[in-house]
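Line by line, the protein sequences give chains S and G. Residue numbering for the first sequence follows my numbering, starting at 1 and increasing by one per position. Residue numbering for the second sequence follows my numbering, starting at 430 and increasing by one per position. A virtual CB, placed ideally from N, CA and C, is assigned to each residue, including glycine.
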Amino acid sequence: MADIHQLAQQFKELDDQLVNCMRCGMCQAVCPVFSETGREVDVTRGKLALLDCLADELLRDADGVNATLSRCLLCGTCEANCPSGVKVLDIFLKARAIMTGYYGLHPAKRAIFRGMLANPRLFNALTAIGSRFQGLFTKKVDDLLGSSCARFNAPLIADRHFNSLATTPFRKHVASLDTAAGSSGLRVAFFPGCVVDKMYPAIGDATLKVLKHHGVGVFLPENQACCGIPVLSSGDRQGFNRLVEINIDRFAGAAFDALVTPCASCTSTIKELWPRLYDGGKVNTEAIRLIGDKTMDISQFLVDHCGVAASGEQPDRGTAAVTYHDPCHLKNSLGITAQPRTVIKASNVPLIEMQEAGVCCGCGGTFNLFHYEMSRKIGGRKADHIESSTAKTVATSCPACMMQITDLLSHRKSGIKVRHVIELYADSL
Amino acid sequence: MAHETKQNLAREFAAIVGDDEVMTGETDLHAYSYDAAVLDPVVPSYVVRPQTTEALGQIVRLCNENGLPLTVRGAGTNLSGGTIPHPGGVVVLTNRLNRILEINEEDLYAVVEPGVITSRLAAEVASRGLFYPPDPGSQTVSTLGGNVAENAGGLRGLKYGVTKDYVMGIEFFDVDGTLVKGGSRTVKCVTGLNLPGLMVGSEGTLGVFSKIILKLIPPPRAARSMMAVFGTIKAASETVAAIIAAKIVPATLELMDNFTIRTVESFRKAGLPTEAAALLLIEVDGHPAQVEDEAVQVERICRENGAEDLTVARDSAERDIIWQARRDALPALAKLKPSCVLEDATVPRSKIPAMIEALTEISKEYNLPIGTFGHAGDGNLHPTILTDRRDKVEWQRVEQAITAIFERAVQLDGTLSGEHGIGIAKARFMEREVGAGTLAYSRRLKMAVDPKNILNPGKMV
Ligand SMILES: Cc1cc2nc3c(=O)[nH]c(=O)nc-3n(C[C@H](O)[C@H](O)[C@H](O)COP(=O)(O)OP(=O)(O)OC[C@H]3O[C@@H](n4cnc5c(N)ncnc54)[C@H](O)[C@@H]3O)c2cc1C
Ligand code: SF4
Ligand code: SF4
């Protein structure tokens, strides 16, 4: 373990970003973790102040600060609302990386991030095996949602109702595609993302159906790697760099008008984090920036480029209403809130707004794994709002949110379906 | 403090509030060493969070028995160091004392615990068709206890007054942990000393609030907003004076100087006139007929006093655009430089042109960018100094500039602080404004109710 003085020196490098926090405390109004615990160490201001103290060696409890850093959903709500424009996510991701350098990456994470995720072929093979055997460990709970809970009480699994791995991952039946632009004159690169691939292949299928319907050509290269967000949020910048390099290698050189994903987290990672946090030095930063500029959420693409618009007619009364949850990575990171709603309205289903549609569902990637109880509490509010909206379906634009919401609703036996916006739209075609 | 004593006291606190609500770890303590003022942090020895007002009283008594300095903390958003603890002291959090106990729609009052967040009360009250007007810019996070202890103001101060105008009654603990009650649920009350008056603006130095009774009023039925553009600050402030002279009291009457206008425009690109020397943002409210009438008059007065342009909001979207500009003022300025020091020197309305002129000189003399916006209607300006607190040399100039701003305000018959409080930040200027006698009287008062000086020592007096 390196010494604390060296650690402080590394945090000093964040000083130019840290100094922008004016300690106004306005983040207390929006941080979902703080709203549960009410403790200053859990709100952005507190975490930033602690990093300052660590950098100035006023504080020597690196363990304590590290623990508070992990109690964060990386939802970006604070950043989106910060009057001083503090680049909170940049700071937290870099801080996590510094901490990981100090403590070393957890061996299990190292195996997954550096080995499995950076080796798409191996990842695919392992999850295929996993999905074949998971029936032994999980039992069906709520058939409507298709979620499963642990039959045996594995410690990390607790009593989660998670979606089982798909028996056939999306990429297994659609390994690659390379079709020319159709009637739209447009061609997109398609980045389904790991969760769609392994958990929700139907979203991948729906996306392809919709693109085909609109005459959009698709470029889907084989063996894409993970976008890198789980790796980065665990502080593994080296693993992250490797994933960016693999992906750039798969996409650079191909001709396409936009890179679309049905996963809010992938979209914001490619757009915002690849250009800002890649420091591997192997790929040209210009290539990364170009891909980032072209990357967009699938609904944004449909509305802004394919002319999808809300249908003027009243949806038929028989159709049950849908409510929409804004994923943090679309709303906070990219400011996208209108297009997914337009796509829902274009799907001929009535949309009703829930309260606090833009508040985090509490998933937060690995936050859900390591702070499951708090994640459930934060999500509880979301579930309350979904239920009281009276909608029969909750739609969203991020498969990670879908997993969390499925877990929440399944525990409550709400009988409310969880769908991706693009699935609703595909159904209507 | 000896380690053992510290442990014992921690156990005693835990016996009152439970283990989970006593924090003594290094990381937790450092997270309560600062507030929104640009000052050096001070680390407390304990942070304690009571869940009931009974526990709050017991904590106060325990602190007094052991001579432990106690600082109450609401949301820690005050801008004067009021919640920066005394070295080795105790920080007492109120954010779990957050129940709205009663909203009385017949007698128009609300009873709250001190940790209730301002905007939460305002929303709850609004949902019952009533109105709680004080709206500090921090209202989505600030607590009502903090508002009372700082006598917080807001945009509506001109017509509706500030927090002190809404405090009907208060309950607080004295240093022995004995409950003291002042005021009542009645509009009129002359029973005993005006203790609510004493507690307002006391910055945690005279008692620890446990319950507050706040006045509510019926909301205005209509409102009209407008934005007027001026070529000189003088014309803008003469307009302010003329509006008041015409016996019109707008709910809000805000001013932005040229530096602020340009900064907000480059931030939001809402089409503000970047050439203008000043903008006035005005809202009149009340009965629809009165609003109609006053809006016409205000428009005329603006034009007569040289407004170069005037926009009246026709619907709520246009109204939002106007107020967005004002809401953007601080965020836009804050983004220009790493640190921003938000001052709140206040002068009589008629002295605004002189004060703005003084600020321009000070900005030049100390070579510091200063953007000024604020509540022109009540003379409460927010000169905002943009700087980088890491630059030691520049920081010295900032401190000199703050002193200069204060001196000019007092010369103009104004005051040190309109709403941000004295705390640590301005304690050294107190004597110059109020005089040695006033300060000595305040200190005797403080020593009489708090002989061991445990209640937020080092603040204000
Ligand atoms: C962005 C921003 C905008 C702001 N805008 C305004 C504005 O428009 N108008 C304005 O007036 N102020 C404004 N402020 C200043 C600040 O928000 C107010 O002073 C507010 O009232 C502080 O509330 P708080 O809950 O944060 O109190 P804290 O900062 O926690 O405490 C303030 C003082 O109150 C004392 N206190 C708190 N609770 C109690 C209690 N129960 N019993 C006894 N003493 C107690 C504390 O000891 C301290 O001295 C602003 C601040 C920021 C950061
Ligand atoms: S809102 Fe932004 S500037 Fe204010 S305390 Fe939070 S992070 Fe800092
Ligand atoms: S990213 Fe989300 S959870 Fe983390 S500090 Fe900001 S608002 Fe809180």
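Would you say residue i and residue j are within 7 Å of each other, going by their C-beta atoms?
i	j	result
LEU508/G	LEU788/G	no
LEU884/G	THR634/G	yes
ALA816/G	LYS888/G	Checking the displayed sequence, the identity of residue 816/G turns out to be Thr instead of Ala. No.
GLU683/G	ARG755/G	yes
GLY850/G	GLY511/G	yes
ALA255/S	GLY217/S	no
PRO514/G	PRO473/G	yes
At a cut-off of 6 Å, would you count residue i as near ligand 1, judging by its Cβ distance to the nearest heavy atom?
i	result
PHE638/G	yes
ASP464/G	yes
VAL501/G	yes
GLY486/G	no
ASN885/G	yes
LEU508/G	yes
PRO543/G	yes
Where does residue i land, buried or exposed, given buried means 16+ other C-beta within 10 angstroms?
i	result
GLU704/G	exposed
GLN6/S	exposed
GLU600/G	buried
GLN753/G	exposed
LYS617/G	exposed
SER147/S	With a pLDDT of 42 at SER147/S, under the threshold of 50, the modelled position of that residue is not reliable, and no figure is offered here.
PHE133/S	Bear in mind that the predicted position of PHE133/S carries a pLDDT of just 43, short of 50, making it unreliable; the figure below should be weighed with that in mind. Result: exposed.
GLY130/S	Here the model assigns GLY130/S a pLDDT of 49, short of 50, so the residue's position is not dependable, and the following value carries that caveat. Label assigned to GLY130/S: exposed.
ALA258/S	buried
MET1/S	Only weak support is given to the placement of MET1/S: the predicted model assigns it a pLDDT of 47, under 50, and the value that follows is read from those uncertain coordinates. Exposed is the call here.
ASN734/G	buried
PHE11/S	buried
LYS198/S	buried
Give the straight-line distance between the Cα atoms of residue i and residue j, rounded to the nearest whole angstrom.
i	j	result
PRO563/G	GLY583/G	6 Å
TYR561/G	ASP304/S	43 Å
CYS226/S	ARG412/S	32 Å
ALA578/G	MET628/G	7 Å
ILE328/S	ILE422/S	Residue identity check: residue 328/S is Cys in the sequence provided, not Ile. So the alpha carbons of these two residues sit roughly 18 Å apart.
PRO262/S	GLY415/S	24 Å
ASN495/G	THR366/S	45 Å
LYS881/G	THR500/G	14 Å
ILE546/G	PHE688/G	33 Å
LEU330/S	LEU50/S	28 Å
VAL591/G	HIS716/G	22 Å
VAL195/S	ARG419/S	14 Å
LYS209/S	ALA426/S	7 Å
CYS27/S	CYS360/S	14 Å
ALA707/G	THR523/G	41 Å
GLY517/G	LEU58/S	15 Å
MET22/S	GLU79/S	13 Å
LEU145/S	ILE352/S	Residue confidence is low: LEU145/S scores 46 on pLDDT, short of 50, so the model does not pin down where it sits. Its coordinate-derived value is still stated next. Rounded to the nearest angstrom, the two C-alpha atoms are 21 Å apart.
ALA674/G	ALA718/G	20 Å
ILE662/G	VAL725/G	22 Å
PRO625/G	ILE641/G	9 Å
LEU232/S	HIS371/S	18 Å
ARG857/G	HIS811/G	20 Å
LYS345/S	ARG732/G	47 Å
Taking 6 Å as the cut-off, is the beta-carbon of residue i closer than that to any non-hydrogen atom of ligand 3?
i	result
CYS31/S	yes
LEU74/S	yes
CYS78/S	yes
THR37/S	no
Taking 6 Å as the cut-off, is the C-beta of residue i nearer than that to any heavy atom in ligand 2?
i	result
SER311/S	no
CYS21/S	yes
Using a Cβ-Cβ cut-off of 8 Å (strictly less than) and excluding sequence neighbours within five positions of residue i, which residues of its own chain qualify?
i	result
GLY700/G	GLU694
Which same chain residues end up closer than 6 Å to residue i when comparing Cβ atoms and leaving out the 5 residues on each side of it in sequence?
i	result
MET452/G	VAL476
ASP205/S	none
VAL65/S	LEU50 and LEU54
PRO886/G	PRO498 and HIS515
Sorted by chain position, which residues of the same chain lie with C-beta nearer than 7 Å to residue i's C-beta, five sequence neighbours on each side aside?
i	result
SER183/S	GLY215
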